[in-house]
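Residue numbers (the working numbering), protein chains in the order written: chain A, -5 to 532; chain B, -5 to 532. These notes concern the structure reproduced below.
There are 2 protein chains.
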Amino acid sequence: MALARATDPYSDPSWSGWGDPANVPELPEEVLSLLGHALGVSRPGRRPGPISAVTLPASRLPAPVRTMLETAIGVANVVDRDEARVRHTRGKSTPDLLRVRAGDFGAAPDLVVLPGSHQQVLEALRICSQHRIAVVPFGGGTSVVGGLQPRSEPFAGVIALDPRRLNGLLGLDEVSQVATLEVGLRGPQAESLLGSRGFTTGHYPQSFEYATIGGYAATRSSGQASAGYGRFDDLVVGLRVATPVGELSIGGRAPKSAAGPDLRQLILGSEGTLGVITAVSLQIRPLPETRVYEGWRFDSFATGASALRTLAQDGRRPTVLRCSDEAETALNLARPAEIGAEGAGGGCLAIVGWEGSAEDVDMRGRGATRMLEALGRGPEPEAGESWARDRYRGPYLRDALLDAGALVETLETVTFWSLLPALYAAVSGALRDSLIAQGTPPVILCHISHVYASGASRYFTVGCAQLKDPVEQWRRAKAAASDAILAAGGSITHHHGVGRDHRDWYERELGPTAVEALRAVKTELDPAGVLNPGILIP
Amino acid sequence: MALARATDPYSDPSWSGWGDPANVPELPEEVLSLLGHALGVSRPGRRPGPISAVTLPASRLPAPVRTMLETAIGVANVVDRDEARVRHTRGKSTPDLLRVRAGDFGAAPDLVVLPGSHQQVLEALRICSQHRIAVVPFGGGTSVVGGLQPRSEPFAGVIALDPRRLNGLLGLDEVSQVATLEVGLRGPQAESLLGSRGFTTGHYPQSFEYATIGGYAATRSSGQASAGYGRFDDLVVGLRVATPVGELSIGGRAPKSAAGPDLRQLILGSEGTLGVITAVSLQIRPLPETRVYEGWRFDSFATGASALRTLAQDGRRPTVLRCSDEAETALNLARPAEIGAEGAGGGCLAIVGWEGSAEDVDMRGRGATRMLEALGRGPEPEAGESWARDRYRGPYLRDALLDAGALVETLETVTFWSLLPALYAAVSGALRDSLIAQGTPPVILCHISHVYASGASRYFTVGCAQLKDPVEQWRRAKAAASDAILAAGGSITHHHGVGRDHRDWYERELGPTAVEALRAVKTELDPAGVLNPGILIP
């Protein structure tokens, strides 16, 4: 029984790009000209045709299995329409979008199922496990690491398990500030259910408009306000999980305990390979009275990073904290609506945001302002407000740039503060070397957007001209960057997850004994190996 | 290669009580009289004899295994002297001490080994795994949940692995504020190594004087300053672990990442059952400039709990935060040196402490003071200072009370704020009912000492007259309390760990699917099952 369910209409994002196609900007002449001059973009990229022109392989799911699923979940919730299969093919990485543009739908699932309860998920997994059908949990579909493209062999078929009907607020403990949410809720749906009761998760990743609660948990998502509210995995106090061998109900008795290993942390980040999360209990916060976002400007990225480190270490942490390097500041990517506009202002632009009670924002803000004034210049209220207004527009810009013939992609990593300068140089260098060697000198932008007392993330955006095979072009550059990340002591991913794209590096990061331990858990919970095969687990 | 090693002398704690016997207080007449009047204590408890009078079972370790261990670790570091075996028998729970007082040393290990490097630990585990010798990692020996008493059957012997020679500061990253410490370092040794370089872990559990870095990690220790510095598991960024199947090196690339499940959280709390931690990389903090501890007084425990919850939820969290209930306040247990003294002051005494830069302490303190003034009375600087001065004295008092014929023990749990009042009533009631039924009406004290936004711990101290078989007397009371904890929605332990004493309730808390997942990891990493058998894993 849910306290309430999401009521806003569930609009599908673009099947061939990011989000709502109406938000894809028209690129200004200056940008098009810059693409030509600076990157050598000389011809437009391949554009997607109409969805009706997509050719799919025939659904190969055995008819008896389909009947069993229909019996368990309802005929209306077992779907093999081409459009549904297309919309559940892969995620939203640039290689994913390039494959869509190339009409490559070989990875389409055979069937889409929409379970309406934890029990129905359990039942679906039992059937799929018994009949060796691979299962990909497919929430918002916003993976950018190949997390939604399971291996289809040696299975008898692949189903996409879409949790959109699991859209309830199951519980709200206002005293403890804990809410239990079903996993199919998208970011805005969850915020609407909580907001009308005076609460927020505080979790606003760039994928917020489409990503789901289940996806946040399964991939260890990190939001733009992570400095203040914490990462999504920090917020989770309990998980309900369906596995082929039964239910796992983990935590949910306390925020923290000393009762053995914290098994919540085994499911968080498991990317659908150990079970399907059906509900999450979360630390929530009262809706902030006040929100203030400001720009601050530093002479160099190193000085900006120092300022962020000081704030992260001294306990006066803002709610939002990010800092762009010189190139990103110059291109104004922190404010995508103004990309290429005059007046970017030079130096390195940081966004510092405060959310909370008026008193709290004032008090924390004053302490931090003294520190920011010592190292940088500001505040620039307009820069902060424009960042907040345009914070979800970045990915739409990519669609326009792909149309224009540019190859644009992002990658991210995290390590300790002392290692960040060398990691920054090594990753930038590896990307540059690889793309220059391929004849497409890139522009490389970087920012810090998630900070900890001991370290921080680095988020890179890369742009260059598309070669004839842009998927292979990026594969090479990305492999070089990934090698550089591990060699520089970083983790292969701070918040995008492992998926299929990072799996080989993840294996190196973990080491052989840890890989075997993880495989042992997988074998126990998913003996037939049907859960998102080929993803995450080496 | 270590940057530095601990140099202070390694004094063994009392073999038959807590810590340094010189610190056991003489009980004032008022207390002795109170024990008689209020609890019906009518005869002194059994006292331990001299260590030389202890009779141990013969060491049953096969001679060839001993030789192999001597070859691997050095003859001088493989010890079977009776005194060493006695000192490595069990931990420091009240049942443990009662068994010592009864001369029960059947659980003594056959051999004590003192490896001097990670490699030597690996080698020892390889040998023990091959020859089916159970291994108990024995650090400070301060377990209060039976975590140091492995099952000896069906093994060919039991060795205690004492890490005291693993006492190095292996690395210090001052920029990132991360230190790598070997696990044999005791609390004061670690603080001394870090303190001379300007840093602290901020981790001060009541067992601080004897407990080790490895024990903190293996049991998810939580210190008295957890509100400010976090729990020990929050501080860990990397772990080096020796297992019978090889080395695990987990994390150490970043404070947080999205690279799959957080496997550090599988080792933290594993209590020596999945591997032996040999080094830990930790978030450290600069030594605080200022430390201020104050008493605040509330009319009721409910009001005090409300005040703590507000501070925990609104972001103005002090460094130390605890609140005693009416009974504990009346008995002055927050200030053990003054137990029973006049002027306890009534109501519920909270200790609120601030550590940090002078500016930070002032700023955070001012915001919190306004809130504390709204709900309670204070500050009482003297109450705060006396708490700080006497913070490690509590366990010594137990030795004196056991001598006097009282049965004294503590237990603790954690749950969400909304459930705490009912849990408090249920656990107190269960303890009271069980002990009254046994003819020994108890005094039950409680405090909150670890807070989170969504919940808090409750720590109970129970005192009554000893029956003839006080171990069985406590077993019954504790079982009733443990049942009540689970029924009220709490976790079986907030910071003491699971050990042997909580294992049955841990199994119920986890549920069958999670138990199987944990066993699968155990089987993978410890195929012969020699690591602390009978502890933690159901």
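C-beta: ideal position from N, C-alpha, C; glycine also.
Residue from A:Tyr287, A:Ala47 and A:Ala482 whose Cα sits closest to the Cα of aspartate 76 of chain A | Residue 76 of chain A sits at position 82 when you count from the first residue of the first sequence. Ranking A:Tyr287, A:Ala47 and A:Ala482 by Cα distance to aspartate 76 of chain A puts A:Ala47 first.
Under a CB-based cut-off of 8 angstroms, is methionine 357 of chain A close to chain B?
-> Taking the first sequence and counting its residues from 1, one reaches residue 357 of chain A at position 363. Methionine 357 of chain A counts as touching chain B.
Going along chain A, which residues have a C-beta under 9 angstroms from phenylalanine 295 of chain B?
-> Here residue 295 of chain B corresponds to residue number 301 of the second sequence, with the count starting at 1. For a Cβ distance threshold of 9 angstroms, nothing in chain A lies close to phenylalanine 295 of chain B: the least Cβ distance comes to about 16 angstroms.
So which residues of chain B does aspartate 167 of chain A contact, with C-beta pairs closer than 9 angstroms?
-> One-based indexing of the first sequence puts residue 167 of chain A at position 173. Within 9 angstroms Cβ-Cβ: Phe410, Trp411, Ser412, Leu413 and Ser448.
Please work out which residues of its chain come closer than 7 angstroms, Cβ to Cβ, to leucine 92 of chain B, disregarding the five sequence neighbours upstream and downstream, and give them in chain order.
-> Taking the second sequence and counting its residues from 1, one reaches residue 92 of chain B at position 98. Sequence-distant Cβ neighbours of leucine 92 of chain B in its own chain, meaning closer than 7 angstroms and more than five residues away, are Pro464 and Val465.
Cβ of glutamate 203 of chain A within 8 angstroms of Cβ of glycine 483 of chain A?
-> Position 209 of the first sequence, counted from the first residue, corresponds to residue 203 of chain A. Position 489 of the first sequence, counted from the first residue, corresponds to residue 483 of chain A. Not in contact: glutamate 203 of chain A and glycine 483 of chain A (Cβ atoms no closer than 8 angstroms).
Own chain residues within Cβ distance below 8 angstroms of leucine 233 of chain A, not counting five before or after = Sequence index remark: in the first sequence, residue 233 of chain A carries index 239 (1-based). Closer than 8 angstroms at the Cβ level, and outside the excluded window around leucine 233 of chain A, lie Ala211, Leu242, Ser243, Ile244, Gly245, Gly246, Arg258, Ile261, Leu262, Ile271, Ala273, Val274 and Ser275.
What residues from chain A crowd round serine 243 of chain B, counting only those whose CB sits closer than 7 angstroms?
-> Against the second sequence, residue 243 of chain B aligns to sequence position 249. Near serine 243 of chain B (Cβ distances below 7 angstroms), the residues of chain A are Gly505.
Ignoring anything shorter than 4 residues or poking outside the segment 270 to 297 of chain A, list the alpha helix (DSSP H) runs there in chain order.
-> Taking only runs of at least 4 residues, no alpha helix (DSSP H) segment lies wholly in the segment 270 to 297 of chain A.
For methionine 357 of chain B, does the count of other Cβ atoms within 10 angstroms reach 16, so buried, or fall short, so exposed?
-> Working through the second sequence from its first residue, we reach residue 357 of chain B at position 363. Buried: at least 16 other Cβ atoms inside 10 Å.
Alpha carbon to alpha carbon, what distance is there between aspartate 498 of chain A and alanine 474 of chain A?
-> The count along the first sequence starts at 1 and reaches residue 474 of chain A at position 480. The count along the first sequence starts at 1 and reaches residue 498 of chain A at position 504. Rounded to the nearest angstrom, the two C-alpha atoms are 13 angstroms apart.
Beta-carbon of lysine 472 of chain B versus every beta-carbon of chain A: anything under 8 angstroms?
-> Indexing the second sequence from 1 puts residue 472 of chain B at position 478. Among the residues facing chain A, lysine 472 of chain B is not included, as its CB has no counterpart in that chain under 8 angstroms away.
Serine 5 of chain B versus arginine 387 of chain B - alpha carbon distance | Within the second sequence, the letter at position 11 stands for residue 5 of chain B. Within the second sequence, the letter at position 393 stands for residue 387 of chain B. Approximately 17 angstroms, taken between the alpha carbons.
Boundaries (first-last residue) of the beta strand (DSSP E) holding alanine 447 of chain B | In the second sequence, residue 447 of chain B corresponds to position 453, counting from 1. It is not in any beta strand (DSSP E) - alanine 447 of chain B carries neither H nor E in the DSSP assignment.
C-alpha distance - leucine 302 of chain A paired with proline 280 of chain B, whole-angstrom precision = As a first step, residue 302 of chain A must be located in the first sequence, where it is residue number 308. As a first step, residue 280 of chain B must be located in the second sequence, where it is residue number 286. Pairing leucine 302 of chain A with proline 280 of chain B, the inter-Cα distance amounts to about 17 angstroms.
Taking threonine 206 of chain A as the query, report the chain B residues whose CB atoms sit under 7 angstroms from its CB, ordered along the chain.
-> The residue labelled residue 206 of chain A in the question sits at position 212 within the first sequence. None at all; the shortest Cβ gap to chain B is about 16 angstroms.
Which whole-angstrom value describes the C-beta separation of valine 129 of chain B and leucine 525 of chain B, a residue pair presumed to lie in contact below a C-beta threshold of 8 angstroms?
-> Indexing the second sequence from 1 puts residue 129 of chain B at position 135. Indexing the second sequence from 1 puts residue 525 of chain B at position 531. That belief holds up - the Cβ atoms of valine 129 of chain B and leucine 525 of chain B are roughly 6 angstroms apart, short of 8 angstroms.
Please name the residue, chosen from B:Pro532, B:Ile529, B:Asp520 and B:Ile531, that lies closest to proline 238 of chain B on a Cα-to-Cα basis.
-> As a first step, residue 238 of chain B is located in the second sequence; it is residue number 244 there, counting from the start. For proline 238 of chain B, the nearest C-alpha among the options comes from B:Asp520.
Alanine 328 of chain B versus valine 437 of chain B: straight-line alpha-carbon distance, rounded = Counted from its first residue, the second sequence places residue 328 of chain B at position 334. Counted from its first residue, the second sequence places residue 437 of chain B at position 443. With a pLDDT of only 46 at alanine 328 of chain B, under the threshold of 50, the placement of this residue in the model should not be trusted, and no figure is reported.
Hey, valine 492 of chain A and leucine 439 of chain A are a contact pair by Cβ (cut 8 angstroms); roughly how many whole angstroms apart?
-> Here residue 492 of chain A refers to the residue found at position 498 of the first sequence. Here residue 439 of chain A refers to the residue found at position 445 of the first sequence. 24 angstroms between Cβ atoms; not a contact.
Is it the case that the Cβ atoms of alanine 248 of chain A and valine 230 of chain B are separated by a distance below 8 angstroms?
-> For the purposes of this step, residue 248 of chain A is taken as residue 254 along the first sequence, with counting starting at 1. For the purposes of this step, residue 230 of chain B is taken as residue 236 along the second sequence, with counting starting at 1. No.
Okay, do the segment 21 to 36 of chain B and the segment 81 to 96 of chain B touch, 3+ Cβ pairs below 8 angstroms being the bar?
-> By the criterion of at least three beta-carbon pairs nearer than 8 angstroms, the segment 21 to 36 of chain B is not in contact with the segment 81 to 96 of chain B.
Exposed or buried, arginine 405 of chain B, counting other C-beta atoms within 10 Å across all chains shown (16 or more means buried)?
-> Here the question's residue 405 of chain B lines up with position 411 in the second sequence. The question names arginine, but residue 405 of chain B in the sequence shown is leucine. Here leucine 405 of chain B is buried: its Cβ has 16 or more other Cβ atoms, across all protein chains shown, within 10 Å.
Is the beta carbon of glycine 467 of chain B less than 8 angstroms from the beta carbon of threonine 517 of chain B?
-> Within the second sequence, numbered from 1, the residue matching residue 467 of chain B stands at position 473. Within the second sequence, numbered from 1, the residue matching residue 517 of chain B stands at position 523. In the sequence on display, residue 467 of chain B carries glutamine and not glycine. No Cβ-Cβ contact shorter than 8 angstroms links glutamine 467 of chain B with threonine 517 of chain B.
For the 8 angstroms Cβ check, are there 3 or more pairs between the segment 286 to 304 of chain A and the segment 369 to 379 of chain A?
-> Verdict: yes, contact present.
Tryptophan 348 of chain A - containing beta strand (DSSP E), residue span = Here residue 348 of chain A corresponds to residue number 354 of the first sequence, with the count starting at 1. Per DSSP, tryptophan 348 of chain A belongs to the beta strand (DSSP E) from 342 to 350.
Same chain only: Cβ atoms within 6 angstroms of leucine 55 of chain A, ignoring 5 sequence neighbours per side | Residue 55 of chain A sits at position 61 when you count from the first residue of the first sequence. Counting only Cβ-Cβ distances below 6 angstroms, and skipping sequence neighbours, we find Asp104, Leu105 and Gly151.
Residues that leucine 405 of chain A contacts on chain B, provided the C-beta gap is smaller than 8 angstroms | Taking the first sequence and counting its residues from 1, the one referred to as residue 405 of chain A is at position 411. For leucine 405 of chain A, there are no C-beta contacts with chain B under 8 angstroms, since the nearest C-beta of that chain is about 12 angstroms from it.
Please report the residue range of the alpha helix (DSSP H) in which aspartate 498 of chain A lies.
-> Position 504 of the first sequence holds residue 498 of chain A. Start and end: 497 to 504.
At a Cβ threshold of 8 angstroms, is glutamate 518 of chain A touching chain B?
-> Stepping through the first sequence from its first residue, residue 518 of chain A is reached at position 524. Residue contact with chain B for glutamate 518 of chain A: present (Cβ-Cβ distance below 8 angstroms to some residue of chain B).
Cα-Cα separation, leucine 609 of chain A to aspartate 74 of chain A = The question about residue 609 of chain A has no answer here: the residues shown for chain A are numbered -5 through 532.
Coil, strand or helix - proline 131 of chain A by DSSP = Here residue 131 of chain A is taken as the residue at index 137 of the first sequence, counted from 1. Strand, per DSSP.
Does the ligand SAH have a heavy atom nearer than 7 angstroms to the CB of proline 282 of chain A?
-> The ligand SAH is not part of this structure, which contains no ligands at all.
Mind checking who alanine 471 of chain A pairs with in its DSSP beta bridge?
-> Indexing the first sequence from 1 puts residue 471 of chain A at position 477. Bridge partners of alanine 471 of chain A: none, in fact.
Residues from the segment 184 to 204 of chain A in contact with chain B, defined by Cβ distance under 9 angstroms | Taking 9 angstroms as the Cβ-Cβ cut-off against chain B, none of the residues of the segment 184 to 204 of chain A qualify.
Any beta-carbon of chain A closer than 8 angstroms to the one on glycine 140 of chain B?
-> In the second sequence, the residue the question calls residue 140 of chain B occupies position 146. Not closer than 8 angstroms to any Cβ of chain A, the Cβ of glycine 140 of chain B fails to qualify, so no.
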